[in-house]
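Report on one structure; see the data block that follows.
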Amino acid sequence: MRIFILATLLSVLAPQAMTAQDFDFNEMTYTPQQTTFRLFAPATAKSVKLRIYKDGQSGRPVKTVAMSRLSLPVSTAMAGISGSSGAPGAVWGVTVGGNLLGRFYTFDAGYGETPGTFAKAVGVNGRRAAIIDQRTTDPDGWYADRRPVVKSPADRIVYELHHRDFSIARADARYPGKFLALTEPWAINHLTALGVNAVHILPSYDYGSVDETRLDEPQYNWGYDPVNYNTPEGSYSTDPYDPACRIREFKLMVQALHKAGIAVILDVVYNHTYDIEHSNFQLTFPDYYYRKTKTNKYSNGSGCGNETASEQPMMRRFMLESVKYWVQEYHIDGFRFDLMGCHDIATMNAIRSELDGLDPTVFVYGEGWSAGACALPVSTLGVKANISRMPAIAAFSDELRDGLRGPFDDDTKGGWLAGVPGQEESIKYGIAGCIAHPQVDMKQVNYSQAPWAAQPTQMMAYVSCHDDMCLVDRLRASVPAITDDALVRLCLLAQTAVFTSQGVPFLLSGEELLRTKQGVHNSFESPDSINQIDWQNRERYPQVLKYYQDLIALRRHHPAFRLGSADLVRRHLEFLDAPQGVVAFRLKNYAGRDAWRNIVVILNANREQATVAIPEGTYTIVCKDGEIDEQSTSKIFGRRTTVSPQSALILHD
Ligand code: CA
1 MRIFILATLL SVLAPQAMTA QDFDFNEMTY TPQQTTFRLF APATAKSVKL
51 RIYKDGQSGR PVKTVAMSRL SLPVSTAMAG ISGSSGAPGA VWGVTVGGNL
101 LGRFYTFDAG YGETPGTFAK AVGVNGRRAA IIDQRTTDPD GWYADRRPVV
151 KSPADRIVYE LHHRDFSIAR ADARYPGKFL ALTEPWAINH LTALGVNAVH
201 ILPSYDYGSV DETRLDEPQY NWGYDPVNYN TPEGSYSTDP YDPACRIREF
251 KLMVQALHKA GIAVILDVVY NHTYDIEHSN FQLTFPDYYY RKTKTNKYSN
301 GSGCGNETAS EQPMMRRFML ESVKYWVQEY HIDGFRFDLM GCHDIATMNA
351 IRSELDGLDP TVFVYGEGWS AGACALPVST LGVKANISRM PAIAAFSDEL
401 RDGLRGPFDD DTKGGWLAGV PGQEESIKYG IAGCIAHPQV DMKQVNYSQA
451 PWAAQPTQMM AYVSCHDDMC LVDRLRASVP AITDDALVRL CLLAQTAVFT
501 SQGVPFLLSG EELLRTKQGV HNSFESPDSI NQIDWQNRER YPQVLKYYQD
551 LIALRRHHPA FRLGSADLVR RHLEFLDAPQ GVVAFRLKNY AGRDAWRNIV
601 VILNANREQA TVAIPEGTYT IVCKDGEIDE QSTSKIFGRR TTVSPQSALI
651 LHD
């Protein structure tokens, strides 16, 4: 606040001056009469040049213009704005007359050419920024596009997909591997029939590891190597050379999903860049955007060779402006922060607050860990243990994930699903949404000594994601001599735990089709043959897809499974005594005003049938032996029930 007042005062005292705090990363503003360029760069730069080009990747500049320093140098003393090198920053700018529509440009502050840090349109491979009229990228009816809203994050059903995995092997796809695949009826029909109401798309900003000029050759990457954070990836568009194409097609995708009631969540990777040397941050303002260690080496908390410095005022501002831009320009409904544990808590809370100002239903979650040690104290970072200090931000629960399937560092080790004893408490903790619950003994929970979520909506419940083996592969690797039949049973059992958790359920795309990645653990650059979803599995395993559909419908129809508040969970969720390998609980007394009075869920990972004591009564069986039927009239009576091996039983009265 003090910085803001100071900045405001300064602008009043010297109206022509501009401080870095005023800089909103709007690096190019086009009008038919003139185009204005701005760049935050070192105040000490000998010169900052703007080059205008006809072409997006080749050819000499048609014009080179010197930019002027518009603001006073902003020193460390004033606003904490200086690089690790201590260089003060300043805003540079120039206005070029004439109609530059369709031209490309780069900045050069003496460190090499860059499209800038915040290019909103780029040429092929994102090397040069493009001058376009953003409004011409809006599809018909875009102004009327509305985000599908849910009351609580607990009502979300998140489906994580990679554009190429999802559609590349789909025989009837018109745009396999492209943004537009998600506009096609087969895709929309699959998602809506499955019942998900949010897709989380793997990195879809412009990334570096796929050469957009060689799309006729086999190339694959997850895309965790950001180049331009604020423009869509070219290889997912039908024409990466046309700067407007990727933008328009991305919006068509969002529009089609929104029409189907499906929110779009963006995977954002602000914690590191493809590399330091060639990154647009480094080319614009060397060392400003990266953390260094005490010995002046680049810190590597991302495990990718660098780690950005979210605590630097302009990096924080960059992140705020970036999420705001995706929400406003692309109507994005949520963000998944890669390695959120690299970002500082204050930045994450500032992002939450910025988004609340736009739309509080924009959902934020992230990985509550880093990949290595960061150059900031852990107590200040957005790690899982600090989630209670980050209201309305969620984190993935590795307690539930690994309790179910086994530890992340050894694919051959199993968890509860594989019959490993002692995992029950971790699963109970996950069922409760990682909040404090009187019946969960934290001493027996893996990884966490204390409950980290203040609310169950701060916990992402999952058993698999793009990282590590998918569920089928993990079960094959960790359950000795597993039969095909047991494999199906355990997959369905695992997801029953996930979808009856009070957290926010999350599903890797293709699990509903018994996806395999042929045992590849880190498939980030594996070919399509490994990563693609085999759609023929729909015919091979129709009962699997049906169970997923019915399980998701069960959650959506019954508020008891998504109470959304820690107090309600503690009031209505009661764990029942159960033998080893079994987790049993009851959602009691019309939890969440459910139509069902009491719901009993029993999850049995044992290879034998289990007997569990339940409160005496007459119950209707809605889930048994891998089948769900909410309308069932099948009853049981009494004080105990049996559960088939490796399966879930759900009853209500
Ligand atoms: Ca790219």
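Quick note: the sequence shown, position 235, residue 235 per the working numbering, numbers continuous. By construction, the Cβ of each residue, glycine as well, lies at the ideal position given by its N, Cα and C atoms.
Annotation for Ile188: the continuous alpha helix (DSSP H) segment containing it runs Pro185 to Leu194. Remark: the C-beta of Asp216 is outside contact range of ligand 1, defined as less than 7 Å to any heavy atom. Leu191 is not a Cβ neighbour of Tyr236, given a cutoff of 8 Å. In its chain, beyond the 5 residues on either side, Leu475 and Arg476 have a beta carbon closer than 7 Å to the beta carbon of Ile482. Measuring C-alpha to C-alpha distances from Tyr619 to each of Gly626, Asn598, Gly414 and Gly177 identifies Asn598 as the nearest. About 7 Å separates the Cβ atoms of Tyr288 and Gly89, confirming a contact at the 8 Å cut-off. Between Ala154 and Pro456, the CB-CB gap stays under 8 Å. Here Arg593 is exposed: its Cβ has fewer than 16 other Cβ atoms, across all protein chains shown, within 10 Å. Straight through space, the alpha carbons of His437 and Val264 are spaced by roughly 32 Å. In the displayed model, Ala169 falls within coil according to three-state DSSP, outside both helix and strand.
In the assembly as shown, Pro240 is a buried residue. Its beta-carbon has 16 or more other beta-carbons within 10 Å. The beta strand (DSSP E) runs of length 3 or more contained entirely in the region 121-167 are, from start to end of the chain, 158-161. Per the coordinates, the alpha-carbon of Phe37 lies some 29 Å from the alpha-carbon of Val210. In chain order, Ser632, Ser634, Lys635, Ile636, Leu649, Ile650 and Leu651 place their CB closer than 8 Å to the CB of Ile621, counting only its own chain and leaving out the 5 sequence neighbours on each side.
The Cβ-Cβ distance between Ala109 and Ala66 does not fall below 8 Å. For Glu574, the uninterrupted beta strand (DSSP E) segment begins and ends at Leu573 to Leu576. Per DSSP, reduced to three states, the secondary structure at Leu266 is strand. Pro139 and Gln255 do touch by the CB rule: their CB atoms are close to 6 Å apart, below 8 Å.
Classified as exposed, Val62 has fewer than 16 neighbouring CB atoms from the shown chains inside 10 Å of its CB. About 42 Å separates the beta carbon of Phe166 from that of Val91, a gap too long to meet the 8 Å contact definition. Note on geometry: alpha-carbon atoms of Arg555 and Asp356 lie some 27 Å from one another. Per the C-alpha coordinates, the member of Gly581, Ala578, Gln580 and Val569 positioned closest to Leu587 is Val569. When Val96, Ala171 and Tyr53 are compared, the shortest CA-CA separation from Gly123 is found for Tyr53. Tyr143 is classed as exposed because its beta carbon has fewer than 16 other beta carbons within 10 Å across all chains shown. Under the DSSP assignment, Glu616 falls in the beta strand (DSSP E) whose first and last residues are Ala610 to Lys624. For Gly177, the Cβ stays outside the 7 Å cut-off from all heavy atoms of ligand 1.
Of the other Cβ atoms in all chains shown, 16 or more fall within 10 Å of the Cβ of Ala560; this residue is therefore buried. Taking Glu399 as the centre and dropping the five residues before and after it, the same chain places the C-beta of Ser426, Tyr429, Gly430, Cys434, Val445, Asn446, Tyr447 and Ser448 closer than 8 Å to its C-beta, in chain order. Rounded to whole angstroms, Arg489 and Thr496 show a C-alpha spacing of 11 Å.
Under the DSSP definition of a beta bridge, Met28 partners with Phe37. For Glu233, the CB falls within less than 7 Å of some heavy atom of ligand 1. With 16 or more other Cβ atoms inside 10 Å of its own Cβ, Pro286 counts as buried.
When rounded, the separation of the alpha-carbon atoms in Tyr111 and Tyr105 is 16 Å. By the C-beta criterion, the region 227-234 is judged not to be in contact with the region 185-199, since fewer than 3 inter-stretch pairs fall below 8 Å.
With respect to Asn604, Gln646 sits close: the two C-beta atoms are nearer than 8 Å. By the CB criterion at 8 Å, Ala432 and Leu573 fall inside the cutoff.
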